[in-house]
Amino acid sequence: MKLALAAGGALLLALLTWLLLSGINTNASAYAETQRAFDDFALAEASIGRNVLQARAGLLGNYDVLAEAEEAMESAVSRIRLHVEAENLDPKPVEALAAAVGQYEDLIERFKTGNSLLQNSLSYVGQLSTDPAFGALGDQFAPSATALAAAILRLAGDSSPESAKSLQQHINRFEAQAPTGGLEGEAAQALLAHARLLSDLLPEVDQTLRTLVAAPGRQPFEETRELLARTQAAFEVTAQRFRVLLYAVSLGLLVIALRLGQRLWTRTLRIRRLVDANIIGIFIWDLDGRIIEANDAFLRTVDYDREDLVSGRIRWTELTPPEWLDSDERRWVPELKMSGSLQPFEKEYLRKDGSRVPVLIGLASFEESENQGVAFVLDLTERKRAEAEARESERRYREALTELAHANRVATMGQLTASIAHEVKQPIGATVNYALAALRFLDSRPPDLGEVRQTLANIVKAGSRAGDVIDRIRDLIKRAPPRKDQLEINGAIREVIEFARHEAVKNGVSVRTELADALPLIEGDRVELQQVILNLIINAIEAMSGTSDGSQELIISSCKAESGGVLVAVRDSGPGLAPATLEHIFDAFYTTKPDGMGMGLSICRSIIEAHGGRLWVSANVPRGAVFQFTVPKPGDVLQPTAGACPKRDAWS
Amino acid sequence: MTMVPWLPFPGRKASLLALAVLAGALTAAGPTVRSSSGAEPITPIPAPAGLDPRRVALGEQLFRDPRLSHDNTLSCGSCHDTSTNGASANAQDRGVHGLLLPFNTPTVFNAALNFRLNWEGNVRSLEHEAEAGLRNPAIMASSAEKALVKISADEVMTQRFRVTYGRAPDVPALLNAITTYERSLLTPGSRFDRWLAGETSAISPEELSGYQLFKSLGCISCHQGVNVGGNLSHRHGIFRTLGTPEPKLVRVPSLRNVAATAPYFHDGSAATLNEAVRQMGLAQLDRVLTDSQIGSIVAFLRTLTGAYQGRSVVPASARPSADPVPR
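Printed below as a string of structure tokens:
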């Protein structure tokens, strides 16, 4: 994640940098430099044009300025050429420009050469009047000399073919009459030589001048400049596009950044809300034991105030009771370092006043620094108290239930007095009879000791049996806290039937059992389960006692419940139950019997439910009612609605 | 374009006066008169500026180093004696093989201010001149590359190049050192330059009238600018022959230090300045100059002698050419 973020950031930075650099017209300064070269060239060109005119007019002091202009031109062209080469542009225009400079130089050289002669000769003509040689010419030649000088002057001002022709005529005329010998002749020949020179030179120099002033470099200059301007414009357009792109990308990034920031802010606000709402305690810790930040809920839990927090007086190592510190260091800290978080667990903190507060705490270390992290703390004080109260209430309920059950058992046993008496009397009677028989065997001569032994053994057996019966009765009426034993349900059923057998016979009810083999052992209180079965049996017998039609049959069956526990069913062939009765039959104080308390079935259902089972009633086929209950075997969680046990034909 | 006013003439009744008027007009238009800006056609020599003294020193050493020639006999300084006039006293000097060179050796002083170099004006820069001089089989018969090999073999020189150029010797550095030295070879401070700068007493009235004559005769048409020449080419022998006919077009030589650079002309044919002035008047101006005119012009020309490193430029002592320079 971090790597991807860094790579993304670097990529973005590279993109922006690229766009920025592309958006800068990097050769703008070079172009400006070249523009200056163009300006320099134009200035030099103008300066040449101006200076050659001045030189021709004899007003230019010296030719150094022309040399400077030529050097400026060459320098400008070489700078322009550098730019053209650097930009890989068409070299033709700049070469044409360089050629034009060469042309300039040739023309200027020619001009200087011609012009210096020209000025020379004009100077000669100008000095004519002061020249002693001219004086030698005398008045005779003065007019024609003056006319020749005037023609020279005219050609100097206007080097048209007409002027040249006119000068030529004056030369010819003067030559024809000029003196040839002596001082006069020398002066005339000198004047003629200069006139001839000027006659040739003036048109030639002015031709050169015209070419120069026409600026032969103008066209290649404009072409080169246009080429560069075009190229530069193209560059600028590209750069501008990149700038627009850069702007767009930046704008996009800004929007993304704003939205991300907004999301982050929202998220922060949400988390902040959790912290500030003080629903749970939250604090930020480090492994050195410091508590860096905490909300009010946490401070309330440990009963410190914010000042304690700010001054650093709260350390979680000091909040933790000494006996917890060990497990903190051995177990939680290594696990935290390994996995970065801890599943919530319970521990205790010490309040400021030294009392203890039970808490549920969960931790997570920060991604960037595993030595720091955030923790939430739930104050478990209330929950612990509620749990304790619930436990106490449950205990009292169990106690009451046990009391009630006991009362119910005693009452039931009271109902069964006759049966119990019969049960007790029967082995006692048998003992008496065996004893009488033993006496008789002793009286016989010789006494039949074998028979006596046998009879005495029978007495022991009957006595034990009586003892067993009494034990069982005592067990049933004994008041004892419920126990959890592993028990075999069929044995418990059989014992109960023994108690009720006499009652059944008395009421003309036949009792049949359909007990399945190999039932799983169940866990529960034997006495309470027997109480339930006994209640159901007595209810069935009572239900059938009022009816006289048909056979009165009580069937007690046991089988494996579908869910894995044990299902016990008690069926009668009595009148059955009205739907209204079905609805309330397990309610407390609900009874259909004139002398009933209405507690029996209610207690039975409580007992079964305390065993994790269900007790319910339904109509028996073809008549009567069937009460069924399930008891799960150990480990079963909840008993779903169980079906009835399959009926068996065989008597067990 | 014309600056010359057209003056009507009184026909056949034209008189000396009329011609004088015309002449005045022409004179006014000529280059002999100060231009409207008041500037003289000659400008003072500037002091050398912006030169790296280490390069100058290295260039001077190379300038005097005979290893630059093919057979280690000649240095640049063999013909350009910077302790005197920047040239030699010979009409023509001799190259490495003892051959006479075709032209008189021009002075190296102020060569940096010339527009074109050589008598033929066919070299455009000092670098080209130095390079060509080394390569010319008649002069040094070597080349910049060959000279470089010899210089590079000298550890002391190599070290000096490293100190000066930050790198081992190479051809551009070699040529740059020599030409930087040559650019330092200016001779400012001549009396005429001081006069130009406003020191009216720097030249005598006679010398000043020589200057006026120099201008009025038309000499100034070619001999102008900072170097009093050196910035254009010209046919020589326009009206009468002047020395050897070749080359037809010569670069107008500078007249700076001209009093100290005899002999004169491209072939060294004029031994004295007076003679040179006389010949120039004839050949170029078609004038027979009087001795007083010549004297006046020469007086002016003597004011053009400047100083290199505070020492006035003096004529070279005559000595056989191609003498190895004592090291």
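Protein sequence lines correspond, in order, to chains P and Y.
End of the first sequence = 662 in the numbering used here, gap-free, step of one.
End of the second sequence = 329 in the numbering used here, gap-free, step of one.
Backbone N, C-alpha and C fix where the C-beta goes; we use that ideal spot for every residue, glycine too.
All of these numbers come straight from a predicted model, not from anything done at the bench.
Item: Are P:Ser-568 and P:Ile-503 close, meaning C-beta to C-beta below 8 Å?; Value: yes
Item: Mind checking if Y:Thr-45 is an interface residue toward chain P, Cβ cutoff 8 Å exclusive?; Value: yes
Item: Determine contact between the segment 115-124 of chain Y and the segment 222-237 of chain Y, defined as no fewer than three beta-carbon pairs at a distance below 8 Å.; Value: yes
Item: What residues from the segment 111-134 of chain P come within 7 Å of chain Y, judged by C-beta to C-beta, listed N to C?; Value: Glu-119, Lys-122, Thr-123, Ser-126, Leu-127, Gln-129, Asn-130, Leu-132, Ser-133, Tyr-134
Item: Given 7 Å as the limit, tell me if P:Thr-557 has its C-beta closer than that to any heavy atom belonging to the ligand SAH.; Value: Within the structure as shown, the ligand SAH is missing, as the structure has no ligands at all.
Item: To the nearest angstrom, how far is the alpha carbon of P:Ile-90 from that of P:Glu-233?; Value: 12 Å
Item: Using CA coordinates, which residue listed in P:Arg-581, P:Ser-561, P:Gln-464, P:Ser-126 is at the minimum distance from Y:Gln-286?; Value: P:Ser-126
Item: Can you give the Cα-Cα distance for Y:Gly-308 and Y:Gly-212, rounded to whole angstroms?; Value: 18 Å
Item: Look at the alpha carbon of Y:Glu-122 and the alpha carbon of Y:Phe-267, and state the distance between them as a whole number of angstroms.; Value: 12 Å
Item: Can you pull the chain Y neighbours of P:Gly-71, defined as C-beta to C-beta under 7 Å?; Value: Ser-37, Ala-41, Glu-42, Pro-43, Gln-226
Item: Are the C-beta of P:Ala-109 and some C-beta of chain Y separated by less than 8 Å?; Value: no
Item: Taking 8 Å as the cut-off, decide whether the C-beta atoms of P:Val-34 and P:Ala-249 are in contact.; Value: The question names Val, but residue 34 of chain P in the sequence shown is Ile. For P:Ile-34 and P:Ala-249, yes; Cβs fall inside 8 Å.
Item: Between the Cα of P:Glu-246 and those of P:Glu-105, P:Ser-176, P:Ser-39, spot the shortest distance and give me the residue it belongs to.; Value: P:Ser-39
Item: Taking 8 Å as the threshold (beta carbon to beta carbon), is Y:Gly-220 in contact with chain P?; Value: yes
Item: So, is the C-beta of P:Asp-50 closer than 8 Å to a C-beta in chain Y?; Value: no
Item: Any contact of the segment 379-399 of chain P with the segment 447-466 of chain P, i.e. 3+ C-beta pairs under 8 Å?; Value: no
Item: Which of the three DSSP states is assigned to Y:Trp-121 in this structure?; Value: coil
Item: Could you tell me if Y:Arg-96 is buried or exposed, where buried requires 16 or more neighbouring beta carbons within 10 angstroms of its beta carbon?; Value: buried
Item: Are Y:Thr-86 and Y:Ser-256 close, meaning C-beta to C-beta below 8 Å?; Value: no
Item: Chain Y partners of P:Gln-187, CB-CB under 9 Å?; Value: Ordered by position in chain Y, no residue passes the 9 Å Cβ test against P:Gln-187, which lies about 14 Å from the chain.
Item: Can Y:Leu-70 and Y:Ala-149 be called in contact, C-beta distance under 8 Å?; Value: yes
Item: Would you mind sorting P:Trp-275 into buried or exposed? The rule is 16 or more other CB atoms within 10 Å of its CB.; Value: exposed
Item: CA-CA distance, P:Asp-216 and Y:Met-159?; Value: 55 Å
Item: Quick check for students: name the residue ranges of the beta strand (DSSP E) that lie wholly in the segment 460-492 of chain P, counting only runs of 3 or more.; Value: none
Item: How do the segment 45-58 of chain Y and the segment 184-198 of chain Y stand: do at least 3 beta-carbon pairs fall below 8 Å, yes or no?; Value: yes
Item: Kindly indicate which three-state DSSP category P:Glu-392 falls into: helix, strand or coil?; Value: helix
Item: Determine, for P:His-204, whether the minimum Cβ-Cβ distance to residues of chain Y falls below 8 Å.; Value: yes
Item: Looking at the C-beta of P:Asp-210, does it have a partner C-beta in chain Y at a distance below 8 Å?; Value: no
Item: Measure the C-alpha to C-alpha separation of Y:Ala-134 and P:Glu-95 and round it to an integer number of angstroms.; Value: 28 Å
Item: At a CB-CB cut-off below 8 Å, which residues of chain P make contact with Y:Ile-240?; Value: Leu-127, Leu-207
Item: May I ask you to verify whether the segment 349-368 of chain P touches the segment 326-339 of chain P, counting CB pairs closer than 8 Å and requiring at least 3?; Value: yes
Item: Please report the residue range of the beta strand (DSSP E) in which P:Asp-296 lies.; Value: 291-296
Item: Between P:Thr-591, P:Lys-471, P:His-594, P:Thr-640, which has its C-alpha nearest P:Glu-533's C-alpha?; Value: P:Thr-640
Item: Are three or more beta carbon pairs between the segment 277-294 of chain Y and the segment 207-222 of chain Y nearer than 8 Å?; Value: yes
Item: Give me the DSSP bridge partner(s) of P:Glu-5.; Value: The requested residue 5 of chain P does not occur in the structure, where chain P is confined to residues 11 to 662.
Item: Under a three-way DSSP split, which group does P:Tyr-134 fall into?; Value: helix
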